[in-house]
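I have placed the structure first, in the form of structure tokens, so that the comments after it can refer back to it.
Residue numbers (the numbering used here): 8 to 94.
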């Protein structure tokens with residue numbers, strides 16, 4: 008539970024807001040408030056309480072969806088800080 012709260016804090020610090028939650032409350036989706044200027048899309052972030060992981064999804068310059076999964080909130084925070092796909 009503590010790791011998920013850390014993931015949520017990292018998401019909010021990086022400009023994500025809650026977008027949706029699964030009915031069983033095991034998955035929570037976040038959306039970046041600002042769209043990426045080059046693609047016009049919003050980054051998405053999925054927090055999964057079953058796997059205790061966070062996955063970031065974004066659209067690359069070719070219009071394809073990329074993703075990266077994190078098992079620790081600190082690594083997510085570091086990656087989001089270094090890879091400001093959209094601010």
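Even glycine gets a Cβ: it sits at the ideal position worked out from N, Cα and C. Since the structure is predicted, the reported quantities are computational estimates derived from the model, not experimental observations.
How many angstroms separate the CA atom of residue i from the CA atom of residue j?
{"i": "residue 90", "j": "residue 30", "result": "31 Å"}
{"i": "residue 25", "j": "residue 13", "result": "14 Å"}
{"i": "residue 37", "j": "residue 50", "result": "8 Å"}
{"i": "residue 85", "j": "residue 52", "result": "15 Å"}
Could you tell me if residue i is buried or exposed, where buried requires 16 or more neighbouring beta carbons within 10 angstroms of its beta carbon?
{"i": "residue 83", "result": "buried"}
{"i": "residue 19", "result": "exposed"}
{"i": "residue 87", "result": "buried"}
If I'm right that residue i touches residue j with Cβ under 8 Å, what's the distance once you round it to whole angstroms?
{"i": "residue 60", "j": "residue 78", "result": "6 Å"}
Runs of alpha helix (DSSP H) lying entirely within the stretch 53-78, each at least 4 residues, in chain order:
DSSP runs (the alpha helix (DSSP H)) wholly in the stretch 53-78: none.
Taking only runs that begin and end inside the stretch 9-37, name each unbroken beta strand (DSSP E) of 3 or more residues, in chain order.
23-28, all fully within the stretch 9-37.
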